[in-house]
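Protein chains in written order, with this note's numbering: chain A, 7 to 135; chain B, 59 to 559.
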């Protein structure tokens with residue numbers, strides 16, 4: 007049991023981060039803290055993808071000359087490659103994450119300018135009047 | 059030859075025009091609107107072309123971007139269902155764009171108009187992209203393109219829009235992230251992102267708990283995006299606070315495209331036998347749908363703001379569509395798909411009308427609609443037609459979709475669902491006829507009531523023609539789609555229902 011927890015530590019880190027993010031999104035009253043929670047949540051998923059794609063002692067998936075320049079090492083040895091796709095996908099996901107953060111920050115600035123606060127209950131108080 | 063390129067053009071055209079609109083807006087703001095219309099008319103043409111191709115050749119279109127074959131490249135996969143959805147999105151977007159000119163001029167500061175139209179086109183790009191793509195990760199990116207533009211569009215709206223938009227950002231991001239997590243797990247198990255490819259590999263893994271986990275993440279993520287009942291919290295505020303034209307764009311498209319993704323994942327990426335037999339997901343979805351139907355309608359009855367009422371009604375209508383999916387038989391799913399069409403046009407029409415009333419009256423409070431039938435007769439007749447479709451009175455489209463849902467429920471022996479459908483019809487009558495009653499029967503302001511019953515001062519004062527025409531096209535479409543619903547079913551929907559159902 008303990009061994010399986012330790013050997014899969016990357017998944018445990020990802021799960022803890024995911025829950026931390028979700029918790030702060032659900033419970034925090036301060037909108038900035040909600041946003042930080044949202045970022046932790048997104049980044050946890052990115053860590054998950056990257057750890058799935060990681061491989062100890064493997065090499066870049068470039069075929070020619072990846073294992074030295076001897077003719078017989080030029081053949082493809084797929085087992086030694088790291089699959090680059092999860093990491094490439096995460097580049098896109100990071101861009102998406104930045105766009106989300108950007109939009110959310112812009113909204114926060116606008117909320118602060120109009121209501122002079124970013125505490126959710128205070129904004130709602132103003133809106134009810 | 060060019061027709062082969064339609065699948066990519068339908069995404070690239072609005073994307074390119076989105077940037078053109080922004081640049082043209084710097085130079086001359088009057089250029090924005092014609093550019094938007096050109097782009098959306100082109101999209102409708104491409105969507106029509108795609109639908110025609112799919113119907114005539116009878117098999118799905120596979121389009122490989124850059125010629126890269128799956129599983130390496132991004133593939134577009136268009137079957138009857140995709141083409142049908144793309145057609146709905148393109149048609150609604152074009153009609154709303156025509157309508158938006160006057161409405162936006164009234165509601166939005168002029169210097170924001172180019173940005174608004176840029177976001178408008180990006181939003182449509184996202185929706186159209188979701189319908190044509192055949193790649194799980196690509197779908198995620200396009201879902202986010204659509205959502206980002208939606209967040210920003212909502213934030214442009216009236217007082218309270220900012221906080222509504224922020225909440226939507228938080229909820230929407232959770233939804234998209236859970237979907238992404240599902241994609242990640244599926245990729246780590248199958249090594250492919252192409253939907254056709256994945257659906258071929260997955261049957262060997264159906265007993266794996268990891269796959270069940272991925273499926274759960276997919277479902278929760280999509281349920282947030284489509285505002286299925288307990289996860290609908292972002293929707294009412296967002297749709298109420300957004301500018302009228304934007305509510306009218308998003309209400310028919312956003313949640314319906316969500317339903318499309320749900321069907322795609324449940325019945326195409328995973329086979330129906332997995333979704334039905336291996337985990338009891340259809341039971342859970344069915345009960346959530348029933349709660350959505352009833353609770354959404356009750357909330358709608360309680361609202362005094364027309365747009366808010368329509369927003370809660372949207373929550374209830376998602377219940378209908380999900381109920382059809384949860385029945386998991388042919389009739390139910392056909393009802394579901396037909397209801398996507400009916401709901402897109404009906405809800406679109408109703409939100410357009412809410413905007414037109416807002417334009418003329420400056421208020422959306424239902425209590426102040428007295429005498430509106432004599433002031434805005436054309437708008438209100440269209441409202442009545444749309445309300446009939448919502449309630450399900452023949453020959454409107456809403457009647458036939460509800461009929462198929464009902465038949466599907468009977469076929470599945472799900473009598474609780476039958477009862478829920480019938481009860482919800484009565485609830486629909488309550489809130490729509492409340493509006494019609496106010497506008498039709500209640501006399502005008504007391505000042506006129508003393509004039510011996512003559513409705514003086516209630517001369518016709520209609521919304522501008524550019525707003526009335528889209529409203530009426532939608533209203534006529536509701537009736538025509540109802541009359542020709544049999545044709546739609548035999549030509550498209552019969553083939554859109556997945557294998558194994």
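Every residue, glycine too, gets a C-beta built ideally from N, C-alpha and C.
Less than 7 angstroms between C-beta atoms, sequence neighbours within five positions excluded: which residues of the same chain meet that for residue 149(B)? Residue numbering aside, residue 149(B) sits at position 91 when the second chain is read from its first letter. If we look at residue 149(B) and ignore the five residues flanking it on each side, its Cβ neighbours are 102.
Against chain B, with Cβ distances strictly below 9 angstroms, would residue 92(A) count as a contact? The residue you call residue 92(A) lines up with position 86 of the first chain. So yes, residue 92(A) belongs to the interface.
Does any CB atom of chain B fall closer than 9 angstroms to the CB of residue 44(A)? Position 38 of the first chain holds residue 44(A). True, the Cβ-Cβ gap to chain B drops below 9 angstroms.
Within 9 angstroms, strictly: CB atoms of residue 392(B) and residue 347(B): Here residue 392(B) refers to the residue found at position 334 of the second chain. Here residue 347(B) refers to the residue found at position 289 of the second chain. No, the Cβ-Cβ distance between residue 392(B) and residue 347(B) is not below 9 angstroms.
Taking the alpha helix (DSSP H) that residue 306(B) belongs to, which residues open and close that run? By one-based count along the second chain, residue 306(B) stands at place 248. Residue 306(B) -> alpha helix (DSSP H) spans 302-321.
Classify residue 536(B) as buried or exposed, calling it buried when 16 or more other Cβ atoms lie within 10 Å of its own Cβ. Residue 536(B) sits at position 478 when you count from the first residue of the second chain. Residue 536(B) should be labelled buried.
Using beta carbons (cut-off 9 angstroms, strictly below), is residue 246(B) in contact with chain A? By one-based count along the second chain, residue 246(B) stands at place 188. True, the Cβ-Cβ gap to chain A drops below 9 angstroms.
Short-range partners of chain A found in the segment 79-111 of chain B, where Cβ spacing is below 8 angstroms: From the segment 79-111 of chain B, no residue has a Cβ closer than 8 angstroms to chain A.
For a test of the three-state rule: what should DSSP assign to residue 36(A), helix, strand or coil? The residue labelled residue 36(A) in the question sits at position 30 within the first chain. If DSSP states are grouped into helix, strand and coil, residue 36(A) belongs with the strands.
For the beta strand (DSSP E) containing residue 133(B), list its first residue and its last residue. The count along the second chain starts at 1 and reaches residue 133(B) at position 75. Here the beta strand (DSSP E) through residue 133(B) covers 133-136.
With respect to the alpha helix (DSSP H) encompassing residue 398(B), which residues constitute its N-terminal and C-terminal limits? Taking the second chain and counting its residues from 1, the one referred to as residue 398(B) is at position 340. Going by DSSP, residue 398(B) is part of the alpha helix (DSSP H) stretching over 388-419.
Going along chain A in order, which residues have a C-beta closer than 9 angstroms to the C-beta of residue 213(B)? On the second chain, residue 213(B) is found 155 positions in, with the first residue counted as 1. In chain order: 109, 112, 113, 116.
Listing by chain order, which chain B residues have their CB less than 7 angstroms from the CB of residue 22(A)? Reading the first chain from its first residue, position 16 is the one you call residue 22(A). Here the premise fails: no neighbours, minimum Cβ distance about 15 angstroms.
Go to residue 120(B), then tell me how far its beta strand (DSSP E) extends in each direction, as first and last residue. As a position in the second chain, residue 120(B) is number 62, starting the count at 1. Taken as a continuous stretch (DSSP letters only), the beta strand (DSSP E) holding residue 120(B) covers 119-122.
Cutoff 7 angstroms; reference residue 179(B); Cβ partners in own chain excluding five residues on either side: Position 121 of the second chain, counted from the start, is the residue given in the question as residue 179(B). Within the same chain, residue 179(B) has close Cβ partners 72, 75, 76, 79, 94, 97.
Run through DSSP, which three-state label would residue 173(A) get? The requested residue 173(A) does not occur in the structure, where chain A is confined to residues 7 to 135.
What are the residues in the segment 182-212 of chain B lying within 7 angstroms of chain A by C-beta distance? 195, 199, 202, 206, 209, 210
Range covered by the alpha helix (DSSP H) that runs through residue 492(B): Translated into positions along the second chain, residue 492(B) becomes position 434. That run of the alpha helix (DSSP H) goes 473-498.
Going by the beta-carbon positions, is the gap between residue 226(B) and residue 91(B) smaller than 9 angstroms? Residue numbering aside, residue 226(B) sits at position 168 when the second chain is read from its first letter. Residue numbering aside, residue 91(B) sits at position 33 when the second chain is read from its first letter. Going by C-beta atoms, residue 226(B) is not nearer than 9 angstroms to residue 91(B).
At least 3 beta-carbon pairs within less than 8 angstroms: the segment 373-390 of chain B vs the segment 346-364 of chain B: yes
Does any residue of chain A bring its CB to less than 9 angstroms from the CB of residue 223(B)? Looking up residue 223(B) in the second chain gives position 165. It does; some Cβ of chain A falls within 9 angstroms.
To the nearest whole angstrom, what separates the beta carbons of residue 44(A) and residue 228(B), a pair I think is in contact under 8 angstroms? In the first chain, residue 44(A) corresponds to position 38, counting from 1. In the second chain, residue 228(B) corresponds to position 170, counting from 1. 6 angstroms between Cβ atoms; contact.
Contacting residues, own chain, Cβ-Cβ under 7 angstroms from residue 92(A) (five flanking each side not counted): On the first chain, residue 92(A) is found 86 positions in, with the first residue counted as 1. Once the five neighbours on either side are set aside, the close Cβ partners of residue 92(A) are 55, 56, 58, 59.
Please report the straight-line C-alpha distance between residue 439(B) and residue 533(B), rounded to a whole angstrom. Here residue 439(B) is taken as the residue at index 381 of the second chain, counted from 1. Here residue 533(B) is taken as the residue at index 475 of the second chain, counted from 1. Approximately 9 angstroms, taken between the alpha carbons.
Under a CB-based cut-off of 9 angstroms, is residue 242(B) close to chain A? Residue mapping note: residue 242(B) aligns to position 184 of the second chain, counting from 1. Judged by the 9 angstroms Cβ criterion, residue 242(B) is in contact with chain A.
Rounded C-beta distance between residue 120(A) and residue 220(B)? I'm assuming under 8 angstroms. Locating residue 120(A) in the first chain gives position 114, where the first residue counts as 1. Locating residue 220(B) in the second chain gives position 162, where the first residue counts as 1. Sure, about 7 angstroms apart at Cβ, within 8 angstroms.
Are the segment 358-367 of chain B and the segment 412-430 of chain B in contact at 8 angstroms, needing three or more beta carbon pairs? yes
Could you give the distance in angstroms between the alpha-carbon of residue 286(B) and the alpha-carbon of residue 86(A)? Within the second chain, the letter at position 228 stands for residue 286(B). Within the first chain, the letter at position 80 stands for residue 86(A). As the crow flies, the alpha-carbon of residue 286(B) is around 45 angstroms from that of residue 86(A).
Residue 77(B), enclosing alpha helix (DSSP H) - first and last residue: Counting from 1 along the second chain, the entry for residue 77(B) is found at position 19. Note, residue 77(B): alpha helix (DSSP H), 64-85.
Neighbour-count burial assignment, residue 238(B), 16 or more Cβ in a 10 Å radius: Locating residue 238(B) in the second chain gives position 180, where the first residue counts as 1. Classification of residue 238(B): buried, given that the 10 Å Cβ count is 16 or more.
Among residues of its own chain, excluding the 5 on either side of residue 469(B), which ones have a beta-carbon nearer than 6 angstroms to its beta-carbon? Here residue 469(B) refers to the residue found at position 411 when the second chain is read from its first residue. Cβ within range, chain order: 387, 389.
Look at the Cβ atom of residue 208(B), then the Cβ atom of residue 181(B), and state whether they are nearer than 9 angstroms. The count along the second chain starts at 1 and reaches residue 208(B) at position 150. The count along the second chain starts at 1 and reaches residue 181(B) at position 123. Taking 9 angstroms as the Cβ cut-off, residue 208(B) and residue 181(B) qualify as a contacting pair.
DSSP three-state label for residue 15(A), please. One-based indexing of the first chain puts residue 15(A) at position 9. Correct three-state label for residue 15(A): helix.
Mind checking whether residue 369(B) and residue 305(B) have CB atoms under 9 angstroms apart? Translated into the one-based positions of the second chain, residue 369(B) becomes position 311. Translated into the one-based positions of the second chain, residue 305(B) becomes position 247. In this structure, residue 305(B) lies closer than 9 angstroms to residue 369(B) by Cβ.
Where do the ends of the alpha helix (DSSP H) carrying residue 383(B) lie? Along the second chain, read from residue 1 onward, the residue named residue 383(B) stands at position 325. Its alpha helix (DSSP H) spans residues 364-385.
Short of 9 angstroms Cβ to Cβ, which residues in the segment 28-42 of chain A face chain B? 28, 31, 37, 40, 41
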